[in-house]
Amino acid sequence: MKNLIKESVSSLEGYTPGEQPGSKNVIKLNTNENPYPPVPALSDGLSNFDISELRKYPNPVSSKLRNEIADYYNLEVDNVFIGNGSDEILALCTRAFVEDNGSVGYFEPSYSLYPVLTAIRDVEQRPVSLNENFTWVMPENFEASLFYLANPNAPTGMCFDKNQIIEFCGSFPGVVLIDEAYADFASYNCIDLLSKFDNVVICRTFSKSFSLAGIRLGYMLGNEKLISAMIAIKDSYNVNALTQELGYLAFKNIDYMKANVEKIKATRAVLSQELSQLGFEVCKSETNFVWTKSLKVPAKKLYEQLKAKGIFVRYFNDDLIKDYLRITVGTPEEIQRFLEELRVLLKT
Ligand SMILES: Cc1ncc(COP(=O)(O)O)c(C=O)c1O
């Protein structure tokens, strides 16, 4: 059969999502989901939802939620874009801000979807390697059309130095997308940079702090010209009606999310401390996961042994980071079970 597939797609290695085991009888600490359920107001929202409304197409720009988010951040509605998960937003940016002969920059290691999206768009990839301690020195005169800057970074969980980010945004000629998927768990965010730089956009998700990975919802904040470019190229109805309503209710009840974040931060402190005591190297986490390296047992072996016990953590089969495990912060009970199993494995 003649090759019907575009060349750049034939050679593409797609994104590998974390495992979603079928059984409920496992402890899932591998995909940075929130261990707590979303705000109970969503149950009422679902029961009260008039299903005859589903006959109609949803609001094309998610107006109710968009207004709510704009008000919360003291921005204009034109500064807010709503997406079908932040992954959709990240992908749209490669279409809105990158010419066919343009390029996309990102750090390595960082969110492993960035190179995949760049390859799908079939433009030049300009990765910048982080140092051993996961900080950066930009190559001289570094340029690209778009730079994906995850802060806090994933999978390291660490925040970069804010002054370094500010300096970078001021000198970079293209669009800087600050991916703040985990910013609700961090000690600072970059929202204030929006009023300083026209080339900065900030992307957030409902998947982590709001416990809503299943509804696929994210948003982007930025200069109205960049936002209107995103609106011009998106699918006409990119966010479904149920997601719009549930997202709106979750955002209206933002204090519930903030309380869950505090619980997760407390469990994160316990997990980080216990891992250090067990002889692991632990990066300072500003997220809902901990990035850690065993100084005694290979990470892959630990990952496999834990999996055999029904405990899923994330291991990346990638030379740069193969010595590390990424452990999502679960409930205190889940983390205690994880630590108990780990202690047993380390003794055998
Ligand atoms: C840095 C980063 N950005 C974005 C996402 C994706 O978020 P969403 O579920 O909104 O597509 C993730 C998910 O793991 C992530 O780690």
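Take 692 as the starting number for the sequence shown in my numbering and just add one per residue. Note that the Cβ used here is the ideal one computed from N, Cα and C, for glycine as well. For clarity, every value in this text was computed on a predicted model and none was experimentally measured.
In the same chain as residue 1028, and ignoring 5 residues on each side of it, the C-beta atoms closer than 8 Å to its own belong to 718 and 1002, in chain order. DSSP places residue 812 in the helix class (H, G or I) of the three-state scheme. Judged by DSSP in its simplified three-state form, residue 894 adopts strand. The beta carbons of residue 865 and residue 908 sit no closer together than 8 Å. Proximity of the beta carbon of residue 874 to ligand 1 is not indicated: no heavy atom of the ligand is located closer than 7 Å.
Taken atom to atom, the span from the alpha-carbon of residue 852 to that of residue 715 is near 40 Å.
Sorting 694, 936, 698 and 707 by C-alpha distance to the C-alpha of residue 1005 places 707 at the top. Rounded to the nearest angstrom, the Cβ distance from residue 863 to residue 890 is 7 Å, consistent with a contact under 8 Å. Taking the Cβ of residue 896 as the reference point, at least one heavy atom of ligand 1 falls within a distance shorter than 7 Å.
Short note on residue 910: C-beta not closer than 7 Å to any heavy atom of ligand 1. Under the DSSP assignment, residue 1013 falls outside any beta strand (DSSP E); it carries neither an H nor an E label. Scanning its chain for C-beta atoms nearer than 6 Å, with the 5 sequence neighbours on each side dropped, one finds around residue 898 the residues 904, in chain order. Shortest Cα-Cα distance from residue 867 to any of 880, 892 and 924 involves 892. Uninterrupted beta strand (DSSP E) stretches at least 3 residues long and entirely within the stretch 696-738 occur at 718-720, given in chain order. Taking the CA atoms as reference points, residue 840 sits about 20 Å from residue 916.
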